[in-house]
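Report on the structure given below.
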Amino acid sequence: MLTLDGCRIVQGDFALTADFAVNAGARVSIIGPSGAGKSTLLAAIAGFLPLAGGRILWTGKDIAVQPPGARPLSIIFQDNNLFPHLTAFQNVALGLKPSLRLAESEAAQVRDALARTGLAGLEDRKPSELSGGQQSRVALARVLLRGRPILLMDEPFAALGPALRAEMLDLVKTLAAETGATLLMVSHDPADAKRLGGQTVVVAEGRAEPPVETGLLFADPPQVLRDYLGD
Amino acid sequence: MPRWPGWIAVAAILSLTLGTLALVAWRAEDSFGLGSGLGPADWAAVRFTLLQATLSAVLSVAAAIPLARALARRAFPGRGLLITLLGAPFILPVIVAVLGLLAVYGRNGFVSQGLSLIGAEPISIYGLTGVVLAHVFFNMPLATRFLLQGWLAIPAERFRLAASLGFSASDTARLLEWPMLRATVPGAALVVFLICTTSFAVALALGGGPAATTVELAIYQAFRLEFDLSRAAFLSLVQVAICTLAAALAFRFAIPAGFGAGLDRTRQRWDAAHWTLRAVDTAAILAATLFLLVPLALVVARGFPALPDLSSATFAAAGRSLWVAAISTALTGITALSLALLIQSLRRGAQLVEGIGYLSIAASPLVIGTGLFIAIFPFASPVALALPVTAVVNTAMSLPFALRALVPALAEAEAAHGRLADSLGLTGWARLRLVLLPRLRRPLGFALGLAAALSMGDLGVIALFADPSEATLPLLLYSQMSAYRMDDAAASGLVLIALSLLAFWIFDRGGRANAHA
Amino acid sequence: MRFPIIATALVATNLPATAQDRPTLTVYTYDSFVTDYGPGPQIETDFEAVCGCDLQFVASGDGASLLSRLRLEGARTEADVVLGLDTNLTADAAETGLFAQHGMDDASYDLPVEWDDDMFIPYDWGYFAFVHDTSRVSGEAVPASFEELAGSDLSIVIQDPRSSTPGLGLVMWVEAAYPDRAGEIWQGLSDNIVTVTKGWSEAYGLFLDGEADMVLSYTTSPAYHLIAEDDATKAAAPFAEGHYMQIEVLGTIASTDQPELAAQFMEFMTSDMAQSVIPTTNWMYPAVTPEMGLPDGFGTLVSPDKALLFPAGEAARVRDGAIETWRTALSQ
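Now the structure itself:
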């Protein structure tokens, strides 16, 4: 279980509180108005922002004291997920060993992860030689390889078209189901949340609300969500 | 963007460097020098020049890497001030800096005195050691600035991604910092190499004897004692050739860094928190501070006692120096920007044009001065033009540094925002003002600061145009020294350091204030 | 409003007119002559008081670059008089054909050597010498010859002959004292030489900072410290081989448009008025001892038994070989 225990994040005048738990293996969308602090929440969980108060617990252990790379999670950003001067293979292999000195079995793992995300044969391409969808798949292949129990995604496929985005979300769902990963995804599009299913956290007015079943939430949206959705 | 300002700048540099050289050769009474080739003494000078310049370049950059890395990944109070102060040795007049260095490493300096306390022999730095030590002292600050810019140009997102993947400091070094260094180091080393190639007073003062002389000294001999202008021109050409070769090599090794554009944020590093790395960085900063600032502090301390006796002549000279610096700073800004824009717009020959921009460090100041004299004398009194000529020559001398700072930054700004600007139809002045200049604030501030400080220190002071009755501060300092007034000279040196640093700080800070990183 | 403008215009045109009434005498010289510390300002005031003219100094580096500049300018030079060449340069200067004969045949000078030059007249002179600090080097430790210096552990700073006048002077000194053994002497000295500097200022600065026991300068250098700083610790070491001289001279440009003024200035520079300015501004011996004698302090200076000097023509012939001997010996 991932527990945000009285978490408080302060950035200048901006403050955000979160106090809820997410079950292991859950799929959680985080939605809310622009500037409400969705990405801030994610950055704090990932370790890029310090907590002003509270703890982040994973299986009972406080992970907020760990540096980003040591936390039991992977993160996919909106962009800049790949190093432009490294190949697809190298970018994925970083998830296994940042030294890139791989044993043959490890190289095979990298190729396998690339194959599972549909990138077989594109190992030697650099990001600039890949399409947007393919770049996202490289990032996902690395997530697979790292095998961390939590996956954070910050508007991961915002640059992709609707069909491609749906395809990628399905892929994420499949991979998360296969690995049993706990998924937290920030999105500004309610359609993404509906597609992902699971639960949804609404972030608004300085608070991240506890997760609610996505279907139930959209069936009877609270006022803040209604304002955001515009209906 | 119109290209003609850039082409005018190219023409001006070529006239000032190769043009003056040609004039000197043309004015020669005979042409024996051109055919005489290089004697054994000249070859020895060429060998020593190459040796010391290579060593100086390699060591300056090697010493600058840990310092720049430490400055790039550590935030501490006074960091900005320290960075400015660490730049000081580069803008000091040679003789002032050499005396400061000797106060530490000299026969009578701190180190030797400390050694004598424990009964050890005093150290002697004269010879290759001294020349290289002084060159590292002068040029490491410059190399540090170039590398620091390289570090700050790595998008913050890359470090964030690296942190999310749990990169250790050595992973970050290999995957992020090394590619940046491959792109930055050759250029930085080249600039230091070029400076050291034509350096001459340092080599003489600390070289220990005629075995340690550079080509520039042979030019002096040809010009002063033999009045063999064709030989002076020939030797100057040899010097340009050495520099051209070095530049060609450096460009060959420089590999463009493939860093994409990212949104700039405050650089935060998660890979460098370990205490050993903190210790390494602290040690790097402390060591550099000691190495660079102790000689400087001794120069300052030496100048203090005579400060109350500063004469009106010093203030007048300081005023003239400020005037010269203002003019050449403006000229440097305009010229460097025009050239950088031209280089950016060229599909072919961009490196050639950039190389021409560096020519002025390769050219002999003595030959430039003589050529200008030959050009001006028939039309006007050279003495009446002393200050404008000094300003122009200072511009030429600080141009390469400005260019080095601006060219990569401009390329990056274009890569990041060029297409957006294209799509909006932003061209010409509007593009420069709205898109490029805001992105260039930092390097431009740095370049202008450097130009101002260097002009204050009169890199290009030329005897034929110097007018002692209208002396600039460095000229006054030298004349005080040659009149036994070492205390007055020390005070003038202090004023010079203060003004140079102030000028540098004003521009450099102007470039950083409110700049969106 | 019209009147003030006219008045201003009148003033503006009037002022230069009075200045133009006075003829201008242009004198080329080296930098340190015209600085506030040098003889220039006093000489200018004194000469303008008697000549009814405007004396303009134009300065250019040191003696050698002065001559180079003159050669660059050639016959079109605006110089009327050139002041500040020395006997190492006069042969080259005469060869340019730019200088006129002075015709001052009856003049007599207080020089240790005969003066016989029909183009140039001396205005000051000095002996090159190694200067030391008596609080650090004294008594037996002070070398009395080049050979003693070479045999000692004393460290010295010298100047490069290719960029410095004293540097060239030292090379000529060794050449004059040891015509056949100059290379050997230089090899003997090589382990005494701490470093070779671009100019006198750098070398003297290093010496004062304790970087070397002795520095190549002039026998008159201690007079500066004694008179201006009340410091009696600096002294020059007398050498048994004799001391090479530097005689600084001035000459008139043949094509001058002010021949009378130029002649008047030549006379003036050897007059009591100008000569009494020289010792405590240029820190050299005056070419003609003033009636009041030398300033106090000059009396305490060492006075070499033997003056060495190559005549102008020979100096020019010897120079390049002597520099090459120096360079070869010290490059090993």
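Residue numbers (the working numbering), protein chains in the order written: chain A, 1 to 231; chain B, 1001 to 1517; chain C, 2001 to 2332. Ideal Cβ placement from N, Cα and C applies to all residues, glycine included. All of these numbers come straight from a predicted model, not from anything done at the bench.
*Could you run through the stretch 1375–1387 of chain B and flag, in chain order, every residue whose CB is less than 9 angstroms away from some CB of chain F?*
As a matter of chain content, chain F is missing from the structure shown, whose protein chains are A, B and C.
*Between which two residues does the alpha helix (DSSP H) carrying arginine 1073/B extend?*
1040–1073
*Count the C-beta pairs between the stretch 1438–1453 of chain B and the stretch 1461–1477 of chain B that are closer than 8 angstroms, then say yes if the count reaches three, no if not.*
As far as the Cβ criterion goes, the stretch 1438–1453 of chain B does not touch the stretch 1461–1477 of chain B, which means the pair count is below three.
*Can you tell me the Cα-Cα spacing of valine 1096/B and valine 2174/C, whole angstroms?*
31 angstroms
_Assess contact between the stretch 71–91 of chain A and the stretch 1162–1180 of chain B, defined as three or more Cβ pairs (one per stretch) separated by less than 8 angstroms. Is contact present?_
Taking 8 angstroms as the limit for Cβ pairs, the verdict is that the stretch 1162–1180 of chain B does touch the stretch 71–91 of chain A.
*What residue range is occupied by the uninterrupted beta strand (DSSP E) comprising tyrosine 2244/C?*
In the DSSP assignment, tyrosine 2244/C falls within the beta strand (DSSP E) that extends over 2243–2252.
_Residues bridged to leucine 183/A (per DSSP)_ = Arg27/A, Leu151/A
*Could you check if leucine 229/A is buried or exposed, using at least 16 other CB atoms within 10 Å of its CB as the buried criterion?*
It is exposed - the Cβ of leucine 229/A has fewer than 16 other Cβ atoms within 10 Å.
*Can the beta-carbon of alanine 1402/B be found less than 9 angstroms from the beta-carbon of threonine 1335/B?*
The answer is yes: Cβ separation under 9 angstroms.
*What is the DSSP secondary structure of isoleucine 2158/C, counted as helix, strand or coil?*
strand
*Contact set for valine 1294/B: own chain, Cβ-Cβ below 7 angstroms, skip 5 residues either direction*: Val1104
*With 16 other CB atoms within 10 Å as the buried threshold, where does asparagine 1139/B fall?*
So asparagine 1139/B counts as buried.
*According to the Cβ coordinates, are leucine 1366/B and tyrosine 1478/B closer than 9 angstroms?*
no
*Return helix, strand or coil for threonine 2024/C, following the three-state DSSP convention.*
strand
*Backbone secondary structure at glutamate 213/A - three-state DSSP*: Three-state result, glutamate 213/A: strand.
*When the Cα atoms are used, what is the spatial distance from alanine 46/A to serine 128/A?*
27 angstroms
_Using 8 angstroms as the cut-off, can you tell me whether the stretch 66–84 of chain A makes contact with the stretch 212–229 of chain A, which would need three or more C-beta pairs spanning the two stretches below that distance?_
no
*Closest by C-alpha distance to glycine 198/A, when choosing among Glu213/A, Ala204/A, Glu209/A, Val110/A*: Glu213/A
*Name, please, each residue of chain C whose Cβ falls closer than 8 angstroms to the Cβ of glycine 1100/B.*
Ordered by position in chain C, no residue passes the 8 angstroms Cβ test against glycine 1100/B, which lies about 10 angstroms from the chain.
*With a threshold of 16 other CB atoms inside 10 Å of the CB of glycine 1033/B, please say whether the residue is buried or exposed.*
Confidence is the limiting factor: at glycine 1033/B the pLDDT is only 48, short of 50, which leaves the residue's position unreliable, though a coordinate-based value still follows. When all chains shown are included, glycine 1033/B counts as buried.
_Cβ neighbour criterion (16 or more within 10 Å) applied to alanine 1503/B_ = It counts as buried.
_Inter-residue spacing [alpha-carbon to alpha-carbon] between asparagine 2192/C and alanine 1218/B_ = 24 angstroms
*Roughly how many angstroms lie between the CA atoms of glycine 1166/B and asparagine 1394/B, to the nearest whole one?*
49 angstroms
*C-alpha gap between glycine 2169/C and leucine 2089/C, whole angstroms*: 11 angstroms
*Beta-carbon of glutamine 2332/C versus every beta-carbon of chain B: anything under 9 angstroms?*
yes
*asked:* Give me the residue from Arg1441/B, Ala1386/B, Trp1429/B with the minimum Cα distance to leucine 1410/B.
replied: Arg1441/B
*Check the Cβ-Cβ distances between proline 1186/B and every residue of chain A, and say whether any is below 9 angstroms.*
No - not a single Cβ of chain A is within 9 angstroms of the one on proline 1186/B.
*Are three or more beta carbon pairs between the stretch 120–127 of chain A and the stretch 143–159 of chain A nearer than 8 angstroms?*
no
*Return yes when the Cβ of glycine 2084/C is within less than 9 angstroms of the Cβ of leucine 2066/C, no when it is not.*
yes
*asked:* Please classify leucine 2330/C as buried or exposed, where buried requires at least 16 other C-beta atoms within 10 Å of its C-beta.
replied: buried
*asked:* Can you tell me where the alpha helix (DSSP H) holding proline 2122/C begins and where it ends?
replied: First-last for proline 2122/C: 2120–2133, but that is the beta strand (DSSP E), not the alpha helix (DSSP H).
*In the stretch 89–101 of chain A, which residues sit with their C-beta less than 7 angstroms from some C-beta in chain B, listed in chain order?*
Answer in chain order: Leu94, Gly95, Pro98, Ser99.
*So leucine 1310/B and alanine 1490/B are in contact, right, with Cβ under 8 angstroms, and what is the actual spacing, rounded?*
About 11 angstroms; that fails the 8 angstroms criterion.
*Skipping 5 residues on each side, what residues in its chain have a beta carbon closer than 7 angstroms to that of alanine 2232/C?*
Leu2226, listed in sequence order.
*Which residues bound the alpha helix (DSSP H) around glycine 1207/B?*
1201–1207
*So, using beta-carbon positions, are leucine 100/A and alanine 93/A closer together than 9 angstroms?*
Against a cut-off of 9 angstroms, the Cβ pair of alanine 93/A and leucine 100/A comes out as a contact.
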